[in-house]
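At position 179 of the sequence shown the residue is numbered 178 (numbering that gives the first Met the number 0), and the sequence of numbers has no breaks. Report on the following structure.
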Amino acid sequence: MSDPIETASNTAAPATPAFGERLASTMDKYGHLCVGIDPHTYLLERWGLPVSAVGAHEFGLRIIEKLAGRVGIVKPQVAFYERFGANGYRVLEDVFTAARDAGLLVIADVKRGDVGSTLEAYSEAWLTPGMPLEADAMTINPYQGFDTFKKPLEMTEQYGKGLFALAATSNPESASVQTARRVRGTQEGRTVAGGIAARAALWNREHAEGRTKGSVGVVIGATVDLERLDIDVDDLATEPDTPILAPGFGHQGADVADVRRIFGASAPNVIVNSSRGLLQHGLEGLDAAIDEQLAVLERAFA
Ligand SMILES: O=C(O)c1cc(=O)[nH]c(=O)n1[C@@H]1O[C@H](COP(=O)(O)O)[C@@H](O)[C@H]1O
0 MSDPIETASN TAAPATPAFG ERLASTMDKY GHLCVGIDPH TYLLERWGLP VSAVGAHEFG
60 LRIIEKLAGR VGIVKPQVAF YERFGANGYR VLEDVFTAAR DAGLLVIADV KRGDVGSTLE
120 AYSEAWLTPG MPLEADAMTI NPYQGFDTFK KPLEMTEQYG KGLFALAATS NPESASVQTA
180 RRVRGTQEGR TVAGGIAARA ALWNREHAEG RTKGSVGVVI GATVDLERLD IDVDDLATEP
240 DTPILAPGFG HQGADVADVR RIFGASAPNV IVNSSRGLLQ HGLEGLDAAI DEQLAVLERA
300 FA
C-alpha cells in the first residue's frame, strides 16, 4: 500500500487557479445552487437503498450523475459517511472523485477546528492534492480562534483550495454564542459572527491578486438575522468578494426566492445550499426538483 502522505507531498503542487476564481467561473456557468449530498437514514430508505456504506455509495453516485452539467457545486456532509467507518470513508473517496471528475466543485463539509498543529493535519487530509480525500474546499470551525487557521489559509494559496469558516450558522441554538459581543478595553466590540466574517474579508483583501472572489468564504445560514448578528454584507461584497456558503434553504425554512432580500449586497456571492429539500423527492423526483430550484434562482437573480 502506498503511503498517501508521502505520495501527496512528493507531488509538485500543480499551478491550479485560486479557488475563488474557480468558484467565480463555476457560478457564472451554473449559478448559485449547491446540492448537499447527505445520505440521511430516512432518505436512503425513501430511495429504496440499504442503510449502509453500499447504500450511501449508490446514493452519492446517482446524485452526481443527475447533477453533472446542470449544477456546479456539491457539499457532501461527511458525518453521514463517517458513521459507516472505514467503508464510509472509502465511499467518500469515491463520491469526491466522481464529483470532481464530473467537473463539480466539492466542498467537504467537515467543520474541522482545533489547535493549529492539529488543524494542519485536518487540512492535509481534505485540501492536499493527491490525498485520498482531496476536496476543493472544506468547512472550518473558528471557535478556537481564527488565528489557528494559519496552515489551512496557506494551503488555499498553495494549492488553489477554499475554506468556509463558520460565522453565523443556521441552527437556532447558535445565537447564544454567535451574537455575543467581544469586549475591547471598556468598549463593546463586534459580535463573534461579525468578527469572523470581517477576518475572512480582510484575508481576501490582503490576498486579492486581482481576483474577483476570494478563496476564504464564510458560512452564514439563510435563516439568521444578519442585523442582529451585526454582519456587514457590504464589507463582504468589497472586491475580492467573500463567498458565502448559505445552508438553511428548503428543509430548514428559508425560501430560495428571498436570497436577495436576506443577503443584500452580498447576494451575488451566495452559494445556495439545499440537501433534504431536493433529495426528499427521491431519484425519480430529483430532476424536477432541481429544475424548479434553478428556475426560482434564475428569477431571484433576474
Ligand atoms: O456548514 C454547513 O454546511 C452547515 C452550516 C450551518 O450553519 N447549517 C447547516 O445546516 N449546515 C449543513 O448544511 C446542510 C443543510 O442540509 P438541509 O437542511 O438538508 O438542506 C447539512 O449538511 C448541514 O450539516
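Here a beta-carbon is modelled for each residue, glycine too, at the ideal position from N, C-alpha and C. Since we're looking at a predicted model, the values are computed, not measured.
Practice problem: Using only alpha-carbon positions, find the residue among Gly-220, Asp-234, Trp-46 and Ile-230 that is nearest to Gln-251. | Solution: Gly-220
Quiz item: Which first and last residues belong to the alpha helix (DSSP H) in which Gly-59 is found?
Solution: 52-66
Quiz item: If you drop the 5 nearest sequence neighbours on each side, which residues of the same chain put their C-beta closer than 6 angstroms to that of Gln-177?
Solution: Ala-167, Val-191 and Ala-192
Quiz item: Pick from Arg-298, Gln-143 and Pro-267: whose alpha carbon is nearest that of Leu-22?
Solution: Pro-267
Exercise. Can you grab the Cα-Cα spacing for the pair Thr-15 / Thr-185, in whole Å?
Key: 46 angstroms
Quiz item: At what residues does the beta strand (DSSP E) containing Phe-185 begin and finish?
Solution: It is worth fixing the name first, because residue 185 is Thr in this sequence and not Phe. Taken as a continuous stretch (DSSP letters only), Thr-185 belongs to no beta strand (DSSP E), as it is neither H nor E.
Quiz item: To the nearest whole angstrom, what separates the beta carbons of Val-109 and Phe-95, a pair I think is in contact under 8 angstroms?
Solution: Not quite, the Cβ-Cβ distance comes to about 12 angstroms (not below 8 angstroms), so this is no contact.
Quiz item: Where does Asn-170 fall in DSSP's three states?
Solution: coil
Quiz item: With burial defined as no fewer than 16 other Cβ atoms inside 10 Å of the residue's Cβ, what is the status of Ala-301: buried or exposed?
Solution: exposed
Quiz item: So what's Gly-281 in DSSP terms, helix, strand or just coil?
Solution: helix
Quiz item: CB of Gln-251 to nearest heavy atom of ligand 1: below 7 angstroms?
Solution: yes
Self-check item: Burial state of Pro-13, where buried means 16 or more other Cβ atoms lie within 10 Å
Solution: At Pro-13 the pLDDT is 48, less than 50, meaning the model places this residue with poor confidence and gives no usable figure here.
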